Amino acid sequence: MNLYSLRIDDHDVAIAADSTVLQAAQEASIAIPTLCFLEGLSAVAACRMCLVEVSGNDTLLPACITPVQEGMQVHTATPRLQDIRRTLIELLFTEGNHVCGICVANGHCELQNLAVEVGMDHSRLPYRFPDRHVDLSHPLFGMDHNRCVLCTRCVRVCDEVEGAHVWDVGWRGEHCRIIAGLEEPWGAVEACTHCGKCVEVCPTGALFHRGDTTDEKHSDPARLQALMQARQQQRWNP
Amino acid sequence: MEPVSPTIPRKQRLATVWLAGCSGCHMSFLDLDEWLLELAQQADIVYSPVACDRKDYPAAVDICLVEGGVGNTDNLVLIQQVRANTTVLVSFGDCAVTANIPGMRNMLEGADPVLRRAYLELADGSGQRPHAPGIVPELLERVLPVHEVVPVDVYLPGCPPSASRIRAVVEPLLRGEWPELSGPDLIRFG
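Right, dumping it as structure tokens:
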């Protein structure tokens, strides 16, 4: 196995040459905040939370999709990066309608936790309060676009793991939103197998079980990793 | 030589204000229970919907906890008085910090659609718009977080902030120190 040596903050790391900077950081027990990234799904660098500084590079690079290189020097928590991460979280909070106190995911929300992690005690940016809708056409689940951060985990898990590709991304800019089927009500999309994987991987309260009320959604992304592992080891083959 | 008089430390002047919010933050303030007795020894409560009868916001207030967003013309007048007469303005709870639940009416885009929705469209047939100029304060077009209207000194998020979280802010302020807030116990929304 070809190994690369690199330096992340004050740690020397040696890791397989086909790894990403995020994997190398995890190897060195350095926590880089992530939101759209989820072990078991393809990485898309949508949220930019994992941006790092790499010596010799003018631009910031998303750790989840940046391959390691020999001799790379990575900085994960400079004041500049910390300020950018807080601004990103403020952008997400002000761009949608995130009302934590009455959310199904209150207390178990990755966005809410990231706000604490980046030290957001208020938003320095004005709130937009966009007019968005809630899709309750599915018999088991609901989709509240007010709480969606467009991480596309639902799109990826449905396509890559369930193989149904119910979800996709429609429109552009401020109108960008997750769509079901060909922009249909979720309940009308026959491809949906009702498996609930999208609900399980959603980092916020955007996708939820219809019976859930405030604080009741407890997602466990580790279940996806257990499923992927079982498939890989063919543990459930007849 | 002049006799030296012992210096009695001046009691801090504390106020709490209720704007567009549910009063839950004030209920949480009352959850401070027996610590309220200590608070009463260290501070004079000079204006508060739960601890004082005074109707006009007084001058020279040291610390003010402001619950709620700025949602109507009364809120707007009061928050400006609060800012002008207060040294340390604390944005108290998620409605003050983010507009939170009162801010959900902002999605209807304007005071008129909100009143129409609440009093006519959702009425059982006998609905009518309230009209009492000078008595019922007019809604502002949008509910705003306090810091989008006047400068804020300390942010105390939570829906509501727990009593221990409130104490973590008020206690250092009474000592003349700045509260250091971080971590899920002190700054998590919701």
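The listed protein sequences derive, respectively, from chains A and B.
Quick note: the first sequence uses the numbering used here, first residue 1, plus one each step.
Quick note: the second sequence uses the numbering used here, first residue 1001, plus one each step.
Glycine residues also receive a C-beta, built at the ideal position from the N, C-alpha and C atoms.
Quick caveat: nothing in here was measured; it's all calculated off a predicted structure.
- Interface annotation for the stretch 1147-1162 of chain B against chain A: His1147, Glu1148, Tyr1155, Pro1157 and Cys1159, criterion Cβ-Cβ distance under 7 angstroms.
- By the criterion of at least three beta-carbon pairs nearer than 8 angstroms, the stretch 182-194 of chain A is in contact with the stretch 131-139 of chain A.
- Uninterrupted alpha helix (DSSP H) stretches at least 4 residues long and entirely within the stretch 1096-1132 of chain B occur at 1111-1116, given in chain order.
- Under the Cβ distance rule, leucine 1078 (chain B) does not count among the residues neighbouring chain A, no pair being separated by less than 8 angstroms.
- At a cut-off of 8 angstroms, the C-beta of isoleucine 84 (chain A) has no neighbouring C-beta in chain B.
- In the DSSP annotation of this structure, serine 1048 (chain B) is not part of any beta strand (DSSP E), being labelled neither H nor E.
- Asparagine 2 (chain A) counts as exposed, since fewer than 16 other C-beta atoms from the protein chains shown sit within 10 angstroms of its C-beta.
- Leucine 111 (chain A) sits buried, since 16 or more C-beta atoms from the chains shown fall within 10 Å of its C-beta.
- Between cysteine 198 (chain A) and valine 157 (chain A), the beta carbon gap of about 6 angstroms places them in contact (Cβ cut-off 8 angstroms).
- In this structure, B:Thr1087 is the residue among B:Ala1111, B:Val1150 and B:Thr1087 with its C-alpha nearest to the C-alpha of aspartate 1062 (chain B).
- Counting every other CB atom within 10 Å of its CB across the protein chains shown gives methionine 1027 (chain B) a total below 16, marking it as exposed.
- Beta-bridge pairing by DSSP links isoleucine 178 (chain A) to A:Val169.
- Near chain B, meaning a CB-to-CB distance below 7 angstroms, no residue of the stretch 177-210 of chain A qualifies.
- Here DSSP, grouped into helix, strand and coil, assigns isoleucine 65 (chain A) to coil.
- Annotated three-state conformation of aspartate 58 (chain A) is coil, per DSSP.
- Considered as a whole, the stretch 1011-1074 of chain B harbours 1012-1018, 1043-1047, 1061-1067 and 1070-1072 as its complete beta strand (DSSP E) runs of no fewer than 3 residues, in chain order.
- Excluding the 5 residues flanking it on each side, cysteine 154 (chain A) has same chain C-beta neighbours closer than 7 angstroms at Trp167, Ile178, Cys198, Val201, Cys202 and Leu207, in chain order.
- Valine 13 (chain A) carries a strand assignment under DSSP once its states are collapsed to helix, strand and coil.
- Minimum Cα-Cα distance from methionine 120 (chain A) among the listed residues B:Val1146, B:Gly1024 and B:Tyr1155 corresponds to B:Tyr1155.
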